[in-house]
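Final position of the sequence shown in the working numbering is 632; the numbers increase by one with none missing. Okay, so here's the structure we're looking at.
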Amino acid sequence: MTAAPAARTSSELGGETAADEGAIATIRRGLALTPELLRGLWITLLLAVIATAGKVVVPIAVQAILDRGIIAPESPDVAFVAGAAGLAALVLLATATCNVLMNRRLFRLAETSLATLRKRAFRHIHDLSLLTQGTEQRGALVSRVTSDVDTVSQFMSFGGIMLVVMSFQLVLATAVMAFYSWPLALVVWLCYLPILVIMGSLQKRIRARYQVVRTKVGEMLGTVSESLVGSATVRAYGTEERTRQAQVGRIGAVRDAQFSVLRPQSASFFLSETADGLATAVVVVVGVVLGTGALGIDLPGADLTAGGVVAFVFLVSLFSQPVRMGIEMLSEAQNAVAGWRRVLGVLDTPADVADPGGAIDPRTGRRDAPVPGARPLPDGLLDIEIRELRYRYPTGPEVIHGLDVTIPARSRIAIVGETGSGKTTFAKLLTRMMDPASGTIEVGGVPLHLVPYDSLRSRVIMVPQEGFLFDTTVAGNLLYGRPDASEAQMRQALDELGLGTWAEELPEGLETPVGQRGESLSAGERQLVALARAYLADPDIIVLDEATSAVDPAADVRLQQAIDGLARGRTTITIAHRLSTAERADRIMVLDQGDLVEHGTHAELVDLEGGIYAGLHRSWVAHRAER
């Protein structure tokens with residue numbers, strides 16, 4: 006027995022833990038998921054330190070060249086100037102080399118690690134139940150493993166290490182300034198401290214607003230994806246303008262969210278530029294005053310030379326650069342943290358229909374230990390035993406009420422009932438697309454929730470109402486049922502289903518492209534490919550969810566022939582809306598509002614006085630007679 010999945014909304018799929026934790030905690034968890042980012046970290050940091058340390062050579066060289074070369078009390082020392090300039094050039098060359106090596110390492114590590122993160126998130130999305138996946142628009146869900154990961158990539162390939170580099174540069178510039186004149190270094194810090202405090206407050210606003218941006222981007226992509234998938238319906242009902250307005254609204258929401266980030270971000274840049282100009286002006290004025298002794302105060306470190314004042318101006322630039330870039334990098338960091346939270350939110354969402362054979366832990370990428378009692382389906386015939394089966398959707402009433410039934414191996418069962426009677430829900434429970442709220446389903450004597458997926462999916466297959474095809478060839482779609490099948494085996498499967506001639510008549514045979522979602526084929530042809538795919542997989546149990554609906558009469562004959570071939574020697578459970586399908590079944594189950602109200606052969610149920618199936622059959626016969 007397994008519990009039904011808890012209700013989840015779109016926002017909750019983001020994971021409450023990821024949404025509530027601080028930026029540092031988010032980064033820490035993100036790095037734990039992508040250890041490749043930390044591989045060889047000390048080498049990267051060493052390159053960064055060398056590249057940063059080389060920057061102070063310019064102000065030191067300028068001070069030495071001015072004081073000992075150009076404006077020296079004695080005649081200019083040309084040899085010293087040339088030597089100092091040459092040494093500075095060599096150091097700058099080494100600095101540039103270290104920068105190149107550092108950036109190459111960062112880019113490779115970032116892309117490698119984030120590819121790992123994207124693969125884990127993508128795999129975990131497929132481990133979530135259909136119910137959980139349905140709580141968020143598909144486009145928004147896709148954005149979590151695409152655009153959200155991209156924001157992390159952009160930051161980690163440059164911004165992350167730059168924050169470290171800029172911090173080191175800030176400390177180094179302060180140390181060199183203090184070496185020249187600690188009073189002047191103190192003045193520089195006094196110019197920046199109030200602004201740094203204000204910018205810290207602004208960053209909190211930026212972080213919250215970037216979280217909104219990432220959410221709005223996901224909603225926009227969801228709307229675009231939905232409108233593209235449903236484009237035929239949009240055109241059929243002439244709702245292009247309304248759909249366009251919905252998209253414009255989502256795009257406008259993203260724009261407004263970005264504008265909301267721009268306001269505190271612009272304020273940060275304005276404060277930074279103000280501090281730069283103020284600090285430079287103050288350094289020149291105070292430096293000249295201290296250097297000339299105009300105050301008449303003898304302070305240690307106050308005896309600045311002309312070269313020292315000029316060097317100090319360069320050092321202020323080195324000091325201010327980390328502040329300016331830090332603001333930009335912190336803004337990128339906030340965007341990356343928001344994206345990381347949305348990716349972590351996916352990984353934090355538990356796989357509510359987990360593989361008992363050992364699910365892949367999205368945090369480590371390693372397979373968990375099998376669930377106690379997990380075992381594959383036994384060889385041979387597989388009876389299905391269903392006892393006290395109940396199911397309730399998270400936001401609605403119970404839709405399956407204590408269902409009890411035995412389905413013998415190799416029998417052909419039709420499930421009949423009005424819309425909303427629970428037929429499709431029952432099919433999803435049989436194939437473990439969802440778990441029941443209570444009760445058990447045993448296949449071959451093994452509880453369904455204890456059957457490892459590799460065993461379950463190879464022996465129990467569901468053909469959904471719309472035979473979904475991937476954007477490849479007919480052969481490529483058939484291979485989803487059996488990846489190692491040869492062309493001869495595919496042709497044999499088609500021949501056994503009576504589809505060999507049909508396949509040969511396709512424009513390019515098995516190599517005919519089917520287009521996105523199989524749009525190059527008719528609805529009936531898509532179902533033929535889906536049935537052939539299931540046949541090639543050679544399962545023991547087939548669940549057909551209204552697989553023969555919405556086709557023309559000629560295609561219906563071909564489809565029915567294929568279904569008969571697929572059902573031969575297998576347990577077949579068909580969700581039937583057309584009673585012609587039910588007539589050919591060994592037994593018929595009639596569901597009414599989640600209850601199994603009738604169960605028997607076609608002949609038995611037709612003769613059942615006042616029965617639901619008998620009434621449906623009379624209406625169907627009368628409708629056929631009218632045509």
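We put the CB at the ideal spot given by N, CA and C, even for glycine.
Residue i - containing alpha helix (DSSP H), residue span
i, result
"GLY88", "83-132"
"VAL611", "607-611"
"MET495", "492-501"
"LEU540", "Looking at the sequence itself, residue 540 is Tyr, so the reference to Leu does not match. First-last of the alpha helix (DSSP H) with TYR540: 528-542."
"ARG34", "28-38"
"LEU549", "First-last for LEU549: 546-550, but that is the beta strand (DSSP E), not the alpha helix (DSSP H)."
"LYS428", "428-435"
"ALA480", "479-483"
"ILE65", "62-70"
"SER525", "Premise fails: SER525 is in no alpha helix (DSSP H) and is neither H nor E."
"ALA587", "584-588"
Pick from the options that is closest to residue i, judged by C-alpha positions
i, options, result
"GLU337", "ARG212, LEU42, ALA56 and ILE547", "ARG212"
"SER265", "VAL217, SER325 and LEU95", "VAL217"
"GLY407", "MET161, SER158 and ARG397", "ARG397"
"PRO545", "LEU207, PRO377 and THR436", "Looking at the sequence itself, residue 545 is Asp, so the reference to Pro does not match. Taking only the C-alpha atoms, the option nearest ASP545 is THR436."
"LEU453", "PRO488, ILE389 and PRO413", "ILE389"
"GLY425", "ARG563, ILE580 and THR517", "ILE580"
"LEU207", "ALA258, ASP261, ARG592 and LEU276", "LEU276"
"GLY514", "LEU621, LEU499 and ARG522", "LEU499"
"GLN497", "GLY427, GLY570 and VAL358", "GLY570"
"SER527", "GLY505, ARG573 and GLY472", "GLY472"
"THR586", "ALA559, HIS607 and ARG573", "HIS607"
"GLY362", "THR354, PRO377 and ASP612", "PRO377"
"GLN263", "ARG214, GLN250 and SER232", "ARG214"
Distance between residue j and residue i (C-alpha atoms, nearest Å)
i, j, result
"PRO457", "PHE475", "26 Å"
"HIS628", "ARG589", "19 Å"
"ALA115", "VAL229", "29 Å"
"GLY616", "VAL534", "37 Å"
"GLY481", "GLN270", "50 Å"
"ARG347", "LEU267", "21 Å"
"SER525", "ILE578", "29 Å"
"ALA93", "VAL62", "6 Å"
"THR49", "LEU111", "8 Å"
"ASN470", "PRO402", "Sequence check: residue 470 is Gln here, not Asn. Distance between the alpha carbons of GLN470 and PRO402 is about 24 Å."
"TRP187", "LEU201", "20 Å"
"ALA432", "ALA419", "11 Å"
"GLY503", "GLN566", "7 Å"
"MET330", "LEU320", "16 Å"
"LEU52", "ILE70", "28 Å"
"GLU614", "ILE405", "25 Å"
"TRP194", "THR220", "38 Å"
"ASN340", "GLY35", "14 Å"
"MET204", "MET225", "31 Å"
"ASP384", "ALA542", "16 Å"
"ARG380", "MET438", "18 Å"
"ALA30", "PRO375", "31 Å"
"PRO399", "ALA356", "16 Å"
"VAL351", "ALA286", "51 Å"
"LEU610", "HIS129", "45 Å"
"ARG109", "ALA84", "38 Å"
"SER134", "ARG113", "34 Å"
Limits of the beta strand (DSSP E) - the one that residue i falls within
i, result
"VAL468", "465-468"
"HIS406", "403-412"
"VAL456", "Neither: VAL456 is in no beta strand (DSSP E) and is coded neither H nor E."
"GLY444", "443-448"
"GLU509", "Unbroken run through GLU509 is the alpha helix (DSSP H), 505-509; no beta strand (DSSP E)."
"ILE391", "389-397"
Beta-bridge pairing of residue i - partner residues as DSSP gives them
i, result
"ALA419", "THR579 and ILE593"
"ASP569", "Partner(s): none; ASP569 has no beta bridge."
"ASP600", "ASP597"
"ILE55", "None; ILE55 has no bridge partner."
"PRO518", "THR478"
"ILE200", "None, per the DSSP bridge assignment."
"ARG372", "ILE365"
| said: Any contact between the segment 175-183 and the segment 307-325? By contact I mean 3 or more CB pairs, one from each, below 8 Å. | reply: yes
| Is it true that the segment 437-450 meets the segment 388-396, where meeting means three or more beta-carbon pairs spaced less than 8 Å apart? | yes
| message | For the structure I just gave you, are there three or more beta carbon pairs, one from the segment 459-467 and one from the segment 506-520, closer than 8 Å? | response | no
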